[in-house]
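Have a look at the structure below before the remarks.
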Amino acid sequence: MTHTYPHGVPSWIDLEVADVDAALAFYGALFGWSFTEKLPPGAPGRYVVASLDGTDATAVAAFATPDPGAPAEGAVAWNTYLAVDDAAAAAARVAELGGQVVTPPEPVGPPGSVAGTMVRFRDPQGAPGRLWQAGTRPGAQVVNAPGTWNFSNLRTPDAGAALAFYGPLLGWAVDPELAIGMARVPGYGDHLAATSDPDIHDRQAGFAPPGFADAVAGIEPTDGPAHWSIVFAVADRDAAAEAARRAGGAVVSTDDNAWVRAVTVRDPFGAELVLSQFAPQGA
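Structure (structure tokens):
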């Protein structure tokens, strides 16, 4: 069943990079992805969708050349797209809540088969983000499995101010029982159970607190500029770190906690990503 994303849930990720072929070589070696060109020959720029088996049914992410008509967003970084029901209404809300609309709602894809409507924005702390009203592309179709997108974390110097923005914009709620820094969209777990993940509640029974299935993003403190951090699931943290090194990336740091073994790596273009192995202590 198609994985769909209610309003407020991160739904897609992509990386804009000048050398798309080099990016495909690095991430193909790291994750074993297949790649499909989505723009016709001769079109300005490139948009390449990564998947597990070369079909949209297993789409996980995308790579694109930077849009020459869009303002520069700073260093190369993975983009997180946040699902919205109405891109125009959400863009207006961004401005009302103190954020900045960088580019107004614009359709993406050919007429008659529009992939979606996108809005580039910056939140009040300066973190660049994307809003996405889905058309033919609802978002990532495989998540949380090794070699796919696992989570997006908003790293911000002011979590309270971030919640004052994203809460009204996206319907995010934070519950102390779920641990500080975990945002949820109420009802998202039930949506998954009724659509693409019917076993989610049974699978989480016994270890997850109430509301955990509704978790959609992390909110983490940082001393640096606000930004989104992208986490990919891997089967083996150390093997994935070595694969990143062999492909031309660099290890930035490692982290072990009660739930995961993770490593932050920097790709050859300067974008950082987290590779996370689910390894609960005592399991």
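Everything in the sequence shown is counted per our numbering, starting at 1344 for the first residue and increasing by one.
Here a beta-carbon is modelled for each residue, glycine too, at the ideal position from N, C-alpha and C.
Note that the structure is predicted; figures quoted are calculated from it, not measured.
Residue pairing by DSSP places residue 1344 opposite no residue, since no beta bridge is assigned to it.
As the crow flies, the alpha-carbon of residue 1388 is around 28 Å from that of residue 1348. The residue among 1486, 1601, 1547, 1497 with its C-alpha nearest the C-alpha of residue 1345 is 1486. In this structure, the beta-carbon distance from residue 1407 to residue 1394 does not fall below 7 Å. Below 8 Å, enough C-beta pairs join the stretch 1488 to 1497 and the stretch 1566 to 1583 to call them touching: three or more. When DSSP assignments are scanned along the stretch 1529 to 1561, the uninterrupted stretches of alpha helix (DSSP H) that are 4 or more residues long and fall wholly within it turn out to be 1531 to 1537, 1543 to 1547. DSSP, reduced to helix, strand and coil, places residue 1589 within a helical segment of the structure shown.
Shown here, residue 1448 sits in a strand according to DSSP, grouped into three states. Spanning the alpha carbons of residue 1553 and residue 1410 requires a straight line of approximately 42 Å. By the criterion of a C-beta distance shorter than 7 Å, residue 1370 is surrounded in its chain by 1376, 1393, once the five residues flanking it on both sides are discounted.
Per DSSP, the continuous beta strand (DSSP E) segment holding residue 1471 begins and ends at 1471 to 1477. Beta-bridge partners of residue 1604 (DSSP): 1599, 1620. If only complete runs of 3 or more residues are kept, the stretch 1350 to 1407 shows the beta strand (DSSP E) at 1353 to 1359, 1377 to 1380, 1390 to 1394, 1402 to 1407, in order along the chain.
Beta bridge pairing from DSSP links residue 1508 with no other residue. The Cβ atoms of residue 1354 and residue 1433 do not sit closer than 7 Å to each other. DSSP, reduced to helix, strand and coil, places residue 1416 outside both helices and strands of the structure shown, so it counts as coil. Distance from the CA of residue 1621 to the CA of residue 1537, rounded to the nearest whole angstrom, comes to 25 Å. Contact annotation: residue 1448 and residue 1462 have beta-carbon atoms nearer than 7 Å.
Looking from the CA of residue 1550, the closest CA among 1602, 1610, 1442, 1585 belongs to 1602.
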